[in-house]
Each structure stands twice: as structure tokens, then as C-alpha cells.
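Asks:
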Amino acid sequence: MLMLRSDVDIDIRRHGRDSYPEESCGALIGRDGFVVEAMRLPNLMGEEARRHFLVGPVEYQVAEKRATEMGGQLIGFYHSHPDHPARPSQTDLDQAWPTFSYVILAVQNGEPGTMTSWRLREDRSAFDEQAVSVT
Amino acid sequence: MAIQILIPTPLRVYTNNQDTVEAEGSTVGELLSNMTNEYTELQKHLYNEDGKLRSFVNIYLNDDDIRYLEKEKTPVTSEDTISIVPSVAGGSCL
């Protein structure tokens, strides 16, 4: 199970609304499956940002450094799906890293809706859904 | 010649939770090959079915992306540090 502190849930939803109709993205920082910070990161996809997101290596390193400085760990990443369901796409699968939680927020007509979390299966064949709890 | 390789968070489960491992080699490609021979579970997450580094896997020699050097043929010395740095990407459709 992935646990989000309530302000993290609010921050991810607010970011999804702010970025609409483009995809938002950011890092999830915490420890032992409990996320205490959603760190906004720039979506580097430019003109394709309505359907794709990209966190580059420099931004990745910033997030990992932030997690270390907080005494925590990088738990995963979130992104939004504007006007699409909160389910991972083939693109998400092809580019996924193991062990990370991938939180997806559906944003319909600018309004944040369903939020789900996924983890890459060990053989990279699929994602498995992970329960999300807001506390 | 053992050279340090920095391991990102999502791959540490495959390196006994170490954030740094050492491997031998005179090029980046040799180092990575020797590393995956020791930590075999890394292979499928770093390389695609054609044996090429996955596009979202970035390899740095010190501060430089090896794509702008000699890629996997980039020579390394004992003074160098190699970093494996993820890009994280996806989206709502292909």
C-alpha cells in the first residue's frame, strides 16, 4: 500500500489542475511507503506535454538529493493524465523503473479526479495496481 | 582497475541495497558488463531485448553524459566515477 499524507494528496491534485491541459509530474519523497512530500518537477516534453511527461536526469538527481537531505527516500513519481483515465499506458510501461510507485491522477476538464498507483512487475511485463491511502 | 558506479534508488534492491558498487573495466561498456555479470538482475532494467541501453537510462562519466563522449566505448580510469541516472517518462498515450 502507498500512503499519502493528506497535504501530499492535495498538492498532487492542485498540480494536476494547474498544469491542465498538460501533464503534471513530480517526485514522491518519504519513507517505507509513506509519502510526506510531492516535489513538483518541470515536464520537459514541450509541445507534447499534453500527452507525455519527461523528468530529465538533472531533475531526477535534484529529487534524489532532496530525499537524501530529508533523511528519506525517493518512493516514486506522479503524473497526470489530462482527459484520460488514471491507468498506465504502454508508454508508461515501456519506460518504467522497478520498485518505484507511479501515481497517476486523472484530470477531466481541468478537475482532478481518480488517483491510482502502480508498480512495475519484476519481469517488466505489466504494472500491478497498488492501493492508495490518504492519511 | 576497480571503478565506482553510483546506483540510483530503484536499482539498489538488485545491488544488496548498496548505492555504490565497484567493477573492473577500461571502458564504460566493459564496466557495465562486469557489473551486470555480478548483479544479474540489473540487466533487464538497463538493457532492452536487443542488448542496447534503454533510452531512459543515462550513464554519466563524472559530470558528462556518455552519449556526448564515445558512448559505451568511452575510456575510464581509476579516478573516474560512473553514475547511472534515470530519466522518468510516460504519458497518457503512445
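These protein sequence lines map, in sequence, to chains A and B.
Heads up, the first sequence is in the working numbering, so the first residue is 9 and it goes up one at a time.
Heads up, the second sequence is in the working numbering, so the first residue is 159 and it goes up one at a time.
Beta carbons are placed, not taken as given, at the ideal position from N, Cα and C, and that holds for glycine.
1. Given 8 Å as the limit, is there contact between the segment 166-176 of chain B and the segment 238-247 of chain B, that is, 3 or more CB pairs closer than that?
2. Taking Cβ positions, are residue 46 (chain A) and residue 19 (chain A) nearer each other than 7 Å?
3. Taking only three categories from DSSP, how would you classify residue 160 (chain B)?
4. DSSP state of residue 8 (chain A), grouped into three classes?
5. Compute the Euclidean distance between the alpha carbons of residue 228 (chain B) and residue 52 (chain A), then round it to the nearest angstrom.
6. Apart from the five residues just before and just after residue 108 (chain A), which ones in its own chain have a Cβ nearer than 8 Å to its Cβ?
7. Using a Cβ cut-off of 7 Å, which residues of the segment 195-217 of chain B contact any Cβ in chain A, in chain order?
8. According to the Cβ coordinates, are residue 230 (chain B) and residue 183 (chain B) closer than 7 Å?
9. Does the count of Cβ pairs from the segment 27-40 of chain A and the segment 58-73 of chain A closer than 8 Å reach three?
10. Quick one: does residue 135 (chain A) have its CB under 7 Å from some CB of chain B?
11. With a Cβ-Cβ cutoff of 7 Å, do residue 28 (chain A) and residue 115 (chain A) count as a contact?
12. Of all the CB atoms in chain B, is at least one closer than 7 Å to the CB of residue 59 (chain A)?
13. DSSP beta-bridge partners for residue 126 (chain A)?
Replies: On the basis of the supplied data:
1. Contact between the segment 166-176 of chain B and the segment 238-247 of chain B is present, because at least three Cβ pairs lie under 8 Å.
2. yes
3. strand
4. Absent from the structure is residue 8 (chain A), since the part of chain A shown begins at 9 and ends at 143.
5. 25 Å
6. 82, 83, 84, 85, 127, 128
7. 202, 203, 214, 216
8. no
9. yes
10. The Cβ of residue 135 (chain A) sits no closer than 7 Å to any Cβ of chain B.
11. It is a contact, given that the beta carbons lie within the stated cut-off.
12. yes
13. A:110, A:137
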